[in-house]
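Student:
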Amino acid sequence: MQEQPMHGYQIIQDLETRTNGAWKPSPGSIYPTLQALEDQGLLIAEVVESKRVFTLTDAGREYLNGLADGPLPWETVTKDTATSLFALRDQIKQLAMAVMQLAQSGGEEQVEKAKGILLEAKKKIYLILAEQDES
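Mapped onto the UniProt record's numbering, the consecutive letters of the sequence shown carry residue numbers 1 to 135.
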């Protein structure tokens, strides 16, 4: 919002982008926070094309300027996180989506097969960790 007025969904997307996907706040956390900031006089909200768009007030800009000496919040989220960790997280998300789809629409035999595959994958991951501990 420091660069431009934004609505809640834009803020969620912006935070997700700035943290390389490490942090995507839910609407249930963003909107109460925006309301609290508005109540404190740091933001004003106006309806634009049926969306509540939030703009920093002078007090909000002053508050942000006071924080300028420290790291930005999304920098602390991503500072020590390797790119490979983000790629691994994406694979886990994709796997979870496939498992949920199978759980909802697969037959009993398919679910049992999937459970076996997941158990085997877990064992293999622990073996990778064991190899690392030995070296």
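Think of the CB as a built atom: it goes at the ideal place given N, C-alpha and C, for glycine as much as any other residue.
Going by Cα to Cα distance, which pick from 71, 8 and 111 is closest to residue 51?
Tutor: 8
Student: Nearest to residue 142 by alpha carbon, out of 69, 6, 62 and 88?
Tutor: Since the first residue of the chain shown is 1 and the last is 135, residue 142 is not available in this structure.
Student: State the DSSP-derived secondary structure class of residue 87, mapped to helix, strand or coil.
Tutor: helix
Student: Determine the contact status of residue 42 and residue 60, defining contact as a CB-CB distance below 7 Å.
Tutor: Closer than 7 Å, so yes.
Student: With DSSP as the reference, label residue 17 as helix, strand or coil.
Tutor: The answer is helix: DSSP assigns residue 17 an H, G or I state.
Student: Considering just the uninterrupted stretch of the alpha helix (DSSP H) at residue 56, what are its terminal residues?
Tutor: Note, residue 56: premise wrong, no alpha helix (DSSP H); beta strand (DSSP E) at 51-56.
Student: Ends of the alpha helix (DSSP H) at residue 34?
Tutor: 27-39
Student: Can you tell me the Cα-Cα spacing of residue 65 and residue 117, whole angstroms?
Tutor: 52 Å
Student: Consult DSSP for residue 43 and reduce its assignment to one of helix, strand or coil.
Tutor: Three-state result, residue 43: strand.
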